[in-house]
Amino acid sequence: MIMTLEIGNTITPLRHINATMVSYWQFAKECADILGGLMPGAELKIVELSKIPGAMWVRVELPGRLPVASLKIAGEEYGNNFRPL
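Counting with this note's numbering, you get residues 582 to 666 for the letters of the sequence shown.
Following this line, the structure appears as structure tokens:
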């Protein structure tokens with residue numbers, strides 16, 4: 582649940598996340614290309630978040646990318662596909 586997260590926390594995917602899945606997300610246009618995808622266990626650092634009811638989202642930094650790339654994940658997508666580490 583996004584309400585329990587803070588900037589600097591780390592989250593991980595529950596399942597393999599690929600580019601096709603991300604293309605259907607609410608904020609898909611604000612997401613970087615994830616290339617080969619994200620595997621469960623990948624550590625994604627939270628760099629920005631919104632806890633406003635009805636508009637909850639989290640932005641995470643993709644590991645090992647220069648320039649820095651990020652994903653913006655809506656609350657429902659977070660609940661279905663991610664968990665805190």
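Beta carbons are placed, not taken as given, at the ideal position from N, Cα and C, and that holds for glycine.
Query                                                                                                                        : Result
Residues of its chain near residue 613, where Cβ-Cβ distance is below 8 Å and the 5 sequence neighbours each way are ignored : 643, 646, 650, 651 and 652
Cβ neighbour criterion (16 or more within 10 Å) applied to residue 640                                                       : buried
Any 3 or more C-beta pairs closer than 8 Å across the region 598-610 and the region 625-632                                  : no
Reference residue 587, options 625, 648 and 611, closest by Cα                                                               : 625
Cα-Cα separation between residue 616 and residue 655, rounded to whole angstroms                                             : 20 Å
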